[in-house]
Amino acid sequence: MKKTILRSIVFALVMMCSAVSCVGPRGPQGPMGPQGPAGEGTNWKIINLTVPANAWQQFADNNGQNSYYRALFDVPEINDFIYNSGLVMCYHEINNSQIVLPYVRHNQDTQGNYWTTTVDFDYAIGSVAIYVTHSDFADVAPDEMSFRLVLMW
Numbered sequence: 001m002k003k004t005i006l007r008s009i010v011f012a013l014v015m016m017c018s019a020v021s022c023v024g025p026r027g028p029q030g031p032m033g034p035q036g037p038a039g040e041g042t043n044w045k046i047i048n049l050t051v052p053a054n055a056w057q058q059f060a061d062n063n064g065q066n067s068y069y070r071a072l073f074d075v076p077e078i079n080d081f082i083y084n085s086g087l088v089m090c091y092h093e094i095n096n097s098q099i100v101l102p103y104v105r106h107n108q109d110t111q112g113n114y115w116t117t118t119v120d121f122d123y124a125i126g127s128v129a130i131y132v133t134h135s136d137f138a139d140v141a142p143d144e145m146s147f148r149l150v151l152m153w
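Quick note: the sequence shown uses my numbering, first residue 1, plus one each step.
Okay, structure coming up:
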């Protein structure tokens, strides 16, 4: 019996709170006032990058091993503020799709050889570098590749 009374009281309190929260000021509305100042929001810029097949530069360690390919772009839009407080993302555009970097693909040729290709990037104030590395460190330069750089701040 006590539980039933307690449940009824709790139910009544919940219903009263719900009813009160739905009641707001209701009165005549006047004309709309002037627009206020712009608030904070997100800004973005999209930069399309293309690396022609002959533009990839090959690098290796001091022993001539661990080779990879790099393409370096001047991107003056990456300023100190975006570097420290913004976001930089890069997508590889292939077959009418955008694939966020890092992009990793596993490959096999007709002779049964396996390897992985990794495409990644880094950025600094004023520049972006895109890298292509084959897991077997084969000396095979990438073909032309397209990328989409997205800056947000």
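For each residue, glycine too, the CB sits at the ideal point set by N, CA and C.
CA nearest to the CA of Trp153, picked from Phe147, Asp120 and Lys45: Lys45
Just confirm the distance between the C-beta atoms of Val104 and Leu151, as a whole number of angstroms; I'd bet it's less than 8 Å. Contact doesn't hold; Cβ gap of about 24 Å is too wide.
Three-pair Cβ contact test at 8 Å for the region 48-58 versus the region 138-148: yes
Do Ile125 and Asn79 have their C-beta atoms within less than 8 Å of each other? yes
Below 8 Å, can you find three or more Cβ-Cβ pairs linking the region 65-73 to the region 94-104? no
To test your reading of the DSSP string, which unbroken beta strand (DSSP E) runs of 3 or more residues are found completely within the region 27-71? 44-51 and 57-59
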